[in-house]
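Below you'll find the structure, written out as structure tokens, and then a few comments.
Protein chains in written order, with the working numbering: chain A, 178 to 697; chain B, 5 to 414.
This is the structure:
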């Protein structure tokens with residue numbers, strides 16, 4: 178506190194009461210003029226209540242979203258702003274403890290495999306604001322996964338990018354030897370911090386005996402199929418062994434249900450009194466990876482349309498013959514007939530669920546025009562309109578004279594396949610939450626749906642964020658993972674549900690102060 | 005210069021140590037060359053043929069901000085403000101007096117921590133104005149005088165703010181993108197008028213008016229820093245036009261002698277802040293949208309009372325108080341002028357060194373109640389059709405001011 182004690186020459190105490198008054202006033206005012214603080218300073222705020230929950234040991238289990246992955250990479254500031262890290266900082270004001278994460282070595286995000294960079298684990302994306310396209314940030318990544326000693330845990334954030342439900346239970350997923358095989362048989366992110374070569378992700382989580390945990394798994398069980406344009410297999414009944422799955426397959430829903438129960442069992446056995454949040458799986462139609470590229474992305478003038486229509490006459494005539502021969506019905510013929518007009522046109526795509534007519538006529542491949550119910554995935558944006566053979570000046574053009582491939586588009590039927598599996602997964606998750614008083618289900622799918630509207634979600638300063646690719650603020654440049662600000666909004670909704678379900682009073686964060694996408 | 009937290013808005017009412025010591029009354033006081041500022045007509049009633057005053061005040065004003073919802077708290081690190089004055093008044097003959105004044109009635113100097121929560125409004129700002137005022141007064145008769153003079157104003161501004169609340173609006177090293185608005189040597193002119201009446205030996209009545217001065221910055225520099233490489237073409241360094249209003253002020257004062265050694269004075273200042281509707285910037289580069297920042301200040305009053313007492317032939321003591329209404333309405337509190345209404349307590353002392361020279365000192369303690377305020381009109385995305393955003397919280401300011409001056413009369 179500053180104090181000013183005056184000394185004024187000639188001002189002497191005397192018997193004159195008026196003089197005394199002046200001297201007293203002078204001294205009094207000087208003393209009280211020290212720097213004041215707020216009546217209720219923020220540092221004296223009492224601790225918040227955790228209600229019936231206990232945040233002292235908080236563990237988060239899941240996949241890339243839980244790890245803080247964004248812009249197609251796992252990098253430091255993304256991890257520092259992961260939704261579990263944001264929650265942990267808020268929990269700390271209500272009795273929460275430390276929250277350790279297996280931080281990457283830098284803010285670039287690329288992985289090194291014995292000093293070699295790997296294009297599948299490249300640096301995080303930044304947006305070239307002039308070209309309006311994303312690209313990996315320049316720089317040499319420094320996070321070595323094979324030749325580096327594993328980090329010393331335990332780590333409260335056990336979110337592992339790429340993990341599907343059965344990966345959480347897989348022992349040895351963190352074995353460095355598994356990085357030497359092709360394809361990889363270990364997960365490089367888990368190799369970095371696994372407690373041993375034979376540990377499992379769920380085991381590492383349970384071993385900490387958390388008092389509070391969050392489990393968010395199931396995304397990759399449908400997402401790897403969806404983001405690859407549905408080239409994998411939907412592992413429906415009969416029940417199959419996940420060990421036999423391709424990386425882009427949809428997990429069998431009964432396998433998921435059983436596994437989910439096992440994962441929860443591991444947690445509740447280790448911590449019978451723990452409270453927990455189970456997070457569901459969002460709808461792919463709300464994520465910009467699937468909703469950014471319009472189905473009708475092809476602008477044509479009348480002359481070009483006429484030329485193309487002439488070129489497709491043989492295909493259309495072949496369809497008619499097939500119909501006459503009862504190989505296909507009228508509905509399929511109408512769906513497959515290809516004709517263009519002046520203006521915006523749908524892209525031409527391959528659809529594996531159409532009837533195979535190549536036996537009749539090799540030229541009658543499974544192609545048709547896309548409809549609004551087909552989802553063109555984000556990477557296809559740069560493919561449409563490009564020559565199939567860049568060296569040939571008369572080359573066919575992707576999506577126009579040559580159909581986009583199965584992996585470029587999630588067709589209507591594939592969307593429905595994903596949705597069927599998702600509904601089943603979410604039923605498993607809801608059922609598990611309903612069965613245990615200590616568990617609640619957090620409906621993140623509803624948050625994603627809200628973000629996908631025009632108005633999005635409002636922030637505390639009056640701004641809002643939406644799911645629009647690059648500019649909306651909620652999703653990062655990979656179109657799948659939220660930005661730090663998107664994670665903050667999700668964390669706030671979780672806090673709200675935790676508060677109402679467990680009678681806690683955890684404060685939310687101001688999402689407007691969190692970063693969104695980075696520019697080149 | 006001086007800091008924000010003094011009078012309403014950016015008015016810094018410290019134009020004379022004798023006046024400051026007694027609540028900054030002066031419109032009806034005729035004791036020193038300070039009248040050049042407070043009421044030019046007062047020159048006619050100065051006792052000495054030549055009166056001079058110089059002085060400087062040191063302002064220590066620090067602001068505190070906290071917001072319990074966003075869980076953020078910051079303190080300013082403001083430089084010490086140093087408003088000063090130089091006055092000279094000379095009686096040419098029985099009726100006419102000529103004078104000259106240099107003083108600094110408007111200013112602001114606020115520095116919040118770089119990249120703080122309100123950085124999208126201001127990181128730091130420095131505003132300085134100097135007025136030069138040749139003055140003439142005419143004694144109509146033994147009871148009434150009038151005075152007037154033009155004021156030549158020279159202004160300087162330096163303002164820096166970040167472009168966004170988002171830490172990702174930055175360059176490749178993560179340093180936040182920001183804009184610096186600069187301008188020096190911005191000139192304008194105005195005028196001052198006054199009238200003083202002494203109906204009897206004990207009473208003085210005065211009225212003075214200082215005109216509004218519009219500081220117009222034209223083609224001044226706007227520099228963007230820490231812009232991402234691929235965004236450079238959208239944010240080129242460019243020039244801007246902007247106008248800052250220094251409002252008009254009308255003062256009424258009365259002073260009364262209670263016995264030969266004691267004077268009591270009252271004063272009312274009305275500042276016509278309503279002219280300050282908005283602070284707008286138009287940029288030369290077509291890439292950069294105009295920046296419209298509503299302010300909607302209201303006319304406001306300051307009520308002052310002061311007492312001066314000669315303890316001895318050499319020593320004078322002063323005490324005073326004033327109530328300063330804020331011109332700022334709810335929803336319009338920006339962090340560089342986050343000021344609520346306040347009460348000032350003043351003390352002063354004068355010491356006559358000899359017949360001609362005296363030292364005058366003053367001390368001001370400003371009591372500003374903490375308040376919760378916000379600015380609700382932030383155009384965060386340059387798009388007028390999206391609703392504006394808000395920034396606010398609890399604000400608190402501590403101000404102490406010491407002043408030292410010299411009078412030389414003969």
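Heads up, the beta-carbon is just placed ideally off N, CA and C, and yes, glycines get one too. As the structure is a prediction and not an experimental result, all values here were calculated from the model.
Are the Cβ atoms of residue i and residue j separated by less than 8 Å?
| i | j | result |
| --- | --- | --- |
| residue 661/A | residue 692/A | yes |
| residue 277/A | residue 332/A | yes |
| residue 234/A | residue 329/A | no |
| residue 221/B | residue 205/B | no |
| residue 65/B | residue 403/B | yes |
| residue 140/B | residue 216/B | no |
| residue 513/A | residue 496/A | yes |
| residue 208/B | residue 197/B | no |
| residue 408/B | residue 60/B | yes |
| residue 315/B | residue 361/B | no |
| residue 235/B | residue 283/B | no |
| residue 694/A | residue 653/A | yes |
| residue 270/B | residue 308/B | yes |
Out of the options, point me to the one whose CA is closest to residue i's CA.
| i | options | result |
| --- | --- | --- |
| residue 645/A | 322/A, 526/A and 464/A | 464/A |
| residue 423/A | 407/A, 282/A, 435/A and 437/A | 407/A |
| residue 285/B | 180/B, 184/B and 82/B | 184/B |
| residue 85/B | 14/B, 28/B and 146/B | 14/B |
| residue 689/A | 397/B, 393/B and 103/B | 393/B |
| residue 457/A | 358/A, 412/A and 625/A | 625/A |
| residue 115/B | 83/B, 294/B and 290/B | 83/B |
| residue 504/A | 215/A, 447/A and 536/A | 536/A |
Just the Cα atoms here: how many angstroms apart are residue i and residue j?
| i | j | result |
| --- | --- | --- |
| residue 483/A | residue 578/A | 12 Å |
| residue 474/A | residue 296/A | 28 Å |
| residue 239/B | residue 292/B | 7 Å |
| residue 252/B | residue 359/B | 37 Å |
| residue 188/B | residue 343/B | 26 Å |
| residue 592/A | residue 258/A | 31 Å |
| residue 412/B | residue 45/B | 20 Å |
| residue 6/B | residue 74/B | The predicted model places residue 6/B with a pLDDT of 34, which falls under 50 and marks its position as unreliable; any figure quoted below should be read in that light. C-alpha separation (whole angstroms): 30 Å. |
| residue 391/A | residue 671/A | 10 Å |
| residue 244/A | residue 110/B | 53 Å |
| residue 551/A | residue 678/A | 39 Å |
| residue 344/A | residue 378/A | 8 Å |
| residue 156/B | residue 218/B | 12 Å |
| residue 605/A | residue 438/A | 9 Å |
| residue 637/A | residue 687/A | 6 Å |
| residue 162/B | residue 259/B | 40 Å |
| residue 336/A | residue 265/A | 14 Å |
| residue 3/B | residue 213/A | One cannot answer for residue 3/B here, as it falls past the ends of chain B, which runs 5 to 414. |
| residue 39/B | residue 149/B | 12 Å |
Any beta carbon from chain B within less than 8 Å of residue i's own beta carbon?
| i | result |
| --- | --- |
| residue 637/A | yes |
| residue 190/A | Confidence is the limiting factor: at residue 190/A the pLDDT is only 46, short of 50, which leaves the residue's position unreliable, though a coordinate-based value still follows. No, no contact with chain B. |
| residue 323/A | no |
| residue 687/A | yes |
| residue 693/A | yes |
| residue 219/A | yes |
| residue 306/A | yes |
| residue 696/A | yes |
Quick one: what does DSSP say residue i is sitting in, helix, strand or coil?
| i | result |
| --- | --- |
| residue 122/B | coil |
| residue 359/B | coil |
| residue 219/B | strand |
| residue 402/A | helix |
| residue 348/A | coil |
| residue 158/B | strand |
| residue 149/B | strand |
| residue 590/A | helix |
| residue 391/A | strand |
Does the beta carbon of residue i come closer than 8 Å to any beta carbon on chain A?
| i | result |
| --- | --- |
| residue 72/B | yes |
| residue 3/B | Residue 3/B falls outside the range modelled here, since chain B spans only 5 to 414, and no answer is possible. |
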